[in-house]
Amino acid sequence: MTETEINKALALKIGYLPEHVNVAKDGLVSVCRTAFFGRYWSQFDFMDWNTIMPIAVKYGVETGCNRFSHYAYLPSKRMAAVHEKTLQKAIALAVLNNP
22 MTETEINKAL
32 ALKIGYLPEH
42 VNVAKDGLVS
52 VCRTAFFGRY
62 WSQFDFMDWN
72 TIMPIAVKYG
82 VETGCNRFSH
92 YAYLPSKRMA
102 AVHEKTLQKA
112 IALAVLNNP
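Residue numbers (this note's numbering): 22 to 120.
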């Protein structure tokens, strides 16, 4: 799964409507957000800690690392840990793998 596919799937998983998720030709994913001054589009990137940490907290993701990789899992779902090179990607995949 590419980073673009992960970003799009994660945005849809956390509640954005399909018409509020845009994938540009260069692979950047943007989402339509609402603020007091109206709607605007902003970049959605799971590698940004400001994006992934609220998602991790919302879903109760447990994280850690060992000598070889970072891992994340959802203890309430008793699922196997997702091992990846970056903690952000492990969190994103753990949330996406949550039924």
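All C-beta atoms, glycine included, are put in the ideal place defined by N, C-alpha and C. Every value quoted in this text rests on a predicted model; they were computed, and no experiment measured them.
Here the C-alpha atom of Leu38 lies approximately 39 Å from the C-alpha atom of Arg88. Contact between Val82 and Ala93 is confirmed by a C-beta separation of about 5 Å, below the 8 Å threshold. Around Phe65, the same chain offers Asn28, Ala32, Val50, Ser51, Val52 and Thr72 as residues with beta carbons nearer than 7 Å, after the five sequence neighbours per side are excluded. Runs of the beta strand (DSSP E) lying entirely within the region 22–48 and spanning at least 3 residues, in chain order: 42–44. By alpha-carbon distance to Ser97, the top candidate from Asn119, Met22, Asp47 and Gly59 is Asn119. Residue environment analysis places Phe57 among the exposed positions, since fewer than 16 neighbouring C-beta atoms fall within 10 angstroms of its C-beta. Around the Cβ of Ala45, a 10 Å sphere holds fewer than 16 other Cβ atoms; the residue is exposed. The C-beta distance from Phe67 to Ala113 rounds to 4 Å, short enough to meet the 8 Å contact threshold. Contact between Leu117 and Lys34 is confirmed by a C-beta separation of about 6 Å, below the 8 Å threshold.
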